[in-house]
Amino acid sequence: MRNPLADTIVGIKPSGIRKFFDIVSEMKDAISLGVGEPDFDTPWHVREEGIYSLEKGKTFYTSNSGIKELRQEICNYLYRSQKITYDPMKQVIVTVGGSEAIDISLRAMINPGDEVLIPQPSYVSYEPCALLAGAKPVIINLKAENEFRLTAAELEEAITEKTKILILPFPNNPTGAIMEKKDLEAIVEVIIKNDIYVISDEIYAELTYKGKHVSIASLPGMQERTILINGFSKAYAMTGWRLGYACGPEEIIRQMTKIHQFAIMCAPTTAQYAGVEALKNGDEDVAKMRESYNQRRRYLVNAFREMGLECFEPYGAFYIFPCIKEFGMSSDEFATRFLEEEKVAVVPGTAFGDCGEGFLRISYAYSLERLKLAIGKLEHFITKLREEKS
Amino acid sequence: MEENKKEELLRIIEKNSRIDLKELAVMVGVSEIDAVNALEEMKKDGIICAYHTLINWEKTSIEKVTALIEVRVTPQRGQGFDSIAERIYNYPEVRSLYLLSGGFDLMVILEGKTLREVSSFVSDKLSTLDTVLSTSTHFILKKYKDHGTILNDKKDDEREMITP
C-alpha cells in the first residue's frame, strides 16, 4: 500500500506536553500542577443559560459567524474594556475556542513561504498551525532578563522581507508574562514601519495582576492590522464549552468565515447562548476568580523566594515559570525526576519552545491547599538536589 | 491599609478563619504586622464579630432540631423593634434573629435538642411575650447549603492531569 500520510503533518512533532501526559496518567497518586485550565466551575448562571437554551430547543446551527446577540456582546465587551469599536456584523467571528481562531486567521492570511514570527516560550499550537497554513515559522526566543516580554530590538532582528505576521501571545502561557502599554508602544513602531499584521492571542486578557490588560489593537494605527483573539475558556472557566472569537478587519474576517463555514459550520449553539450570559452578567465572577488566582500567585512567588528558587514575578494568566538552571539538569530531567521521586507533575519549559529550557511551568489553577502540598514537596526535592550537588 | 486590602482580608477569613497569618498576609500582598493590626482593628470596630466553624451536625451522633419561626409583633413607641428583639435574642437557644420587611417582622432561628424543646420554647416563652401577636414555626428537614458552603459536596478534580 502506498503511504497514506501527508508529509506536512508527519513532519510536525507532537506536543511536548503529550509525552509527559502519558507518564503522568500512569501514576495514580500523582499530584498535578500541570493543567492549563481554570479549577473553577463555569458560573452557575452561565451554565443555567446553556440549559435553558436547550430546554427552549435552541439546538440548530447558528449563522456561520455566530448568533448576532453574542457578536454584539463581544463588541460591547471590547468597547468597555479596550475602547475598541468593531462592527458586530462584519468584523467578528465566533469560533470553536481561541484555538480555531488561531488556525483560521493564519490560514486566511498566509501565502506559501510567508514568514510568521512566533515569540517563544508560548502556547503549543502557533508553530504547527503556521506550518499547516504553509508559512515558515520564525521563532523569537524571549529572555528571562526581560521577564519574557517581547522587545522592539528582538522583533526588529527577526523581521525579513517575507515577514507577514507577528503572533503576540500575551498574557502568556507558559511564562505568565504580560506586555504593558509601554512595551506595546515600543513594538508598534516596528510593526507599522515594516507593514506587518498581528495576531494577538488575548485569551488570558481578564487575568492580569498589575493594572488592566491593554490590547495592541487599541493603539493608534493597529486595529486595521490586528486580529484580536479572545474567548471564554479562561475568563469564565468555560474550557469545555469550546467558545472563542476573533475580531479584525472586515476583509480578513470575511475570508476566515469562509474557512470556518466549510470546516466547522458554527461554534456550538448551546455554548453561544451561555456566552451571551457570561459577557452580560459575568464581570463579578471574573473579578472573584481573578482575586483567587492573584492570592495563589502571591503565595507562590513568596514561596519560591523563600526557597531561593529564581523566578521573575509573573503578572498574567495562571502560571509561574521558575528557573531551575542551578541544578544543572534539563527541564525534562527535572520534571521527570520530580514526578518519579515526589509524585508531582509540572510541565517542562521546553514543551513551549526550546528557549523554555531551564524552566518549569507551574500552574496555579489549583486550590491553595493543593498548592501548599505540592510546594512542600518541591521544597523537599530541591533541598535534596542541593545536597546531592554539594 | 487600603480599604480594598482590608476587604480582601475579610473575604479570605470569612471562608477560612483558621488561615495562617503569615500566609494571609502574603496572599493579600501586605506585611504580616499590617495584617495583624488590620484584623485587630476590625475586631475592635465590630466588623469581625466572631470566628465560627461550620459543622454538619447531621453527620454526628448529636441530635439537633432547627426551626425558623416567623414572628409578628407590635413595635413599641420610642423603641421600635429593638427592645422586643433584645428580649428574644437573649435566650441562648436563639441562634439568629433578623428584622424583616414583608408579611411578618422577626425571623427567629432556633436550635433545640428535640422537637418538644423547640415547641415548648415557642408556646411558653415566645408566644407569651406581650408584644408578640403571632408565630409560625417551620422545622428544617435538611440542610443543603449553609454559609455559602454546599454540604456533602465532594467533587473530584475532573480535569486531565496535564493540558497545554
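Protein chains in written order, with our numbering: chain A, 21 to 410; chain B, 12 to 175.
For each residue, glycine too, the CB sits at the ideal point set by N, CA and C.
All values reported here derive from a predicted model rather than from experimental measurement.
CA nearest to the CA of residue i, picked from the options
i        : options                                   : result
B/LYS154 : B/VAL82, B/LYS70, B/GLN90 and B/ILE59     : B/LYS70
A/ILE212 : A/PRO189, A/LYS404, A/GLY241 and A/ALA121 : A/GLY241
A/ILE166 : A/PHE332, A/LEU393, A/GLY31 and A/GLU389  : Per the sequence shown, the amino acid found at residue 166 of chain A is Asn instead of Ile. Out of A/PHE332, A/LEU393, A/GLY31 and A/GLU389, A/PHE332 has the C-alpha closest to the C-alpha of A/ASN166.
B/VAL41  : B/VAL76, B/ILE58, B/ILE24 and B/LYS17     : B/LYS17
A/TYR143 : A/GLN111, A/PHE372, A/GLU304 and A/PHE40  : A/PHE372
A/THR115 : A/GLU408, A/ILE279, A/LEU393 and A/TYR106 : A/ILE279
A/GLY376 : A/ALA172, A/LEU239, A/GLY133 and A/SER350 : A/SER350
A/PRO132 : A/LYS156, A/PRO141, A/GLY77 and A/PRO139  : A/LYS156
A/LYS163 : A/ASP42, A/LEU405 and A/PRO342            : A/PRO342
A/GLU311 : A/GLY54, A/TYR229 and A/ASP352            : A/TYR229
B/GLU62  : B/ASN27, B/ASP93 and B/GLN87              : Per the sequence shown, the amino acid found at residue 62 of chain B is Tyr instead of Glu. Out of B/ASN27, B/ASP93 and B/GLN87, B/ASN27 has the C-alpha closest to the C-alpha of B/TYR62.
A/PHE282 : A/ALA206, A/LEU90 and A/GLU120            : A/GLU120
A/TYR97  : A/ASN301, A/PRO288 and A/ARG274           : A/ASN301
B/LEU117 : B/PRO86, B/CYS60, B/LEU20 and B/GLU52     : B/PRO86
A/SER387 : B/HIS158, B/ILE23, B/MET12 and B/ASN15    : B/ILE23
A/ILE94  : A/LEU299, A/GLU174 and A/GLY196           : A/LEU299
B/THR174 : A/GLN243, A/GLY378 and A/ARG38            : A/ARG38
A/LYS88  : A/LEU188, A/TYR265 and A/ARG381           : A/TYR265
A/SER77  : A/LEU170, A/THR289, A/PRO24 and A/LYS409  : One point to set straight first is that residue 77 of chain A is Gly, not Ser, in the sequence displayed. With distances taken between Cα atoms, A/GLY77 lies closest to A/THR289.
A/ALA172 : A/LYS404, A/ASN193, A/ASN214 and A/GLY196 : A/ASN214
A/LEU99  : A/ILE124, A/GLN243 and A/SER52            : In the sequence under discussion, the amino acid at residue 99 of chain A is Tyr, which differs from the Leu named in the question. Taking only the C-alpha atoms, the option nearest A/TYR99 is A/GLN243.
A/LEU359 : A/GLU389, A/ALA394, A/ASP374 and A/LYS110 : A/ALA394
A/ALA174 : A/THR195, A/MET21 and A/ILE138            : Looking at the sequence provided, one finds Glu at residue 174 of chain A rather than Ala. Out of A/THR195, A/MET21 and A/ILE138, A/ILE138 has the C-alpha closest to the C-alpha of A/GLU174.
A/ALA291 : A/VAL321, A/GLY86, A/SER101 and A/THR403  : A/GLY86
B/ASN163 : B/GLY113, B/ASP135 and B/TRP68            : B/TRP68
B/GLY123 : B/ASP31, B/ARG88, B/VAL105 and B/GLY89    : B/VAL105
B/LEU51  : B/ARG170, B/LEU32, B/LEU65 and B/GLY159   : For clarity, residue 51 of chain B is Glu in the given sequence; the question names Leu instead. Residue B/LEU32 is the option with its Cα nearest to B/GLU51.
Residue i: first and last residue of the uninterrupted alpha helix (DSSP H) it sits in
i        : result
A/GLN92  : 88 to 102
A/ILE37  : 36 to 46
A/PRO148 : 146 to 152
B/LEU144 : Counting along the chain, B/LEU144 falls outside any alpha helix (DSSP H), though it belongs to the beta strand (DSSP E) covering 143 to 150.
B/SER130 : 126 to 131
A/MET129 : 117 to 129
Bounding residues of the beta strand (DSSP E) (the contiguous stretch that carries residue i)
i        : result
A/ASN161 : 156 to 161
A/ASP221 : 217 to 221
A/LYS184 : 183 to 188
A/THR246 : 246 to 251
B/SER107 : 105 to 110
B/MET118 : 117 to 123
B/ARG83  : 76 to 84
A/LEU380 : 380 to 383
Any chain A beta carbon closer than 8 Å to residue i
i        : result
B/THR174 : yes
B/GLU171 : yes
B/GLU97  : no
B/GLU13  : no
B/GLU19  : yes
Residue i vs residue j beta-carbon contact at 8 Å
i        : j        : result
A/LYS184 : A/GLU147 : no
B/VAL82  : B/LEU35  : no
A/GLU226 : A/ILE249 : no
A/LYS363 : A/ASP49  : yes
A/TYR224 : A/LYS254 : yes
B/HIS149 : B/ALA78  : yes
A/ILE113 : A/MET309 : no
A/PRO368 : A/ALA355 : yes
A/ILE104 : A/ALA237 : yes
A/GLY117 : A/SER383 : no
A/GLY70  : A/ILE198 : no
A/VAL66  : A/ALA365 : no
A/VAL210 : A/GLU176 : yes
A/ALA153 : A/LEU126 : yes
B/VAL194 : B/THR146 : Outside the displayed range of chain B (12 to 175) lies residue 194 of chain B, so it cannot be described from this structure.
A/LEU90  : A/GLY295 : yes
A/ILE179 : A/CYS149 : no
A/SER73  : A/CYS286 : no
B/VAL39  : B/GLU19  : yes
B/ILE99  : B/VAL119 : yes
Chain B contact for residue i (CB, 8 Å cutoff)
i        : result
A/VAL144 : yes
A/ALA365 : yes
A/ILE37  : yes
key: Contact list for the stretch 22 to 40 of chain B against chain A, Cβ threshold 8 Å   = ARG22, ILE23, GLU34, VAL37, MET38, VAL39 and GLY40
key: Members of the stretch 304 to 321 of chain A near chain B, C-beta cut-off 7 Å   = GLU311, GLN315, ARG318 and TYR319
request  = Identify each residue in the stretch 39 to 61 of chain A for which the Cβ-Cβ distance to at least one residue of chain B is less than 8 Å, and report them in chain order.
outcome  = PHE40, PHE41, VAL44, SER45, ALA50, SER52, GLY54, VAL55, GLY56, GLU57 and ASP59
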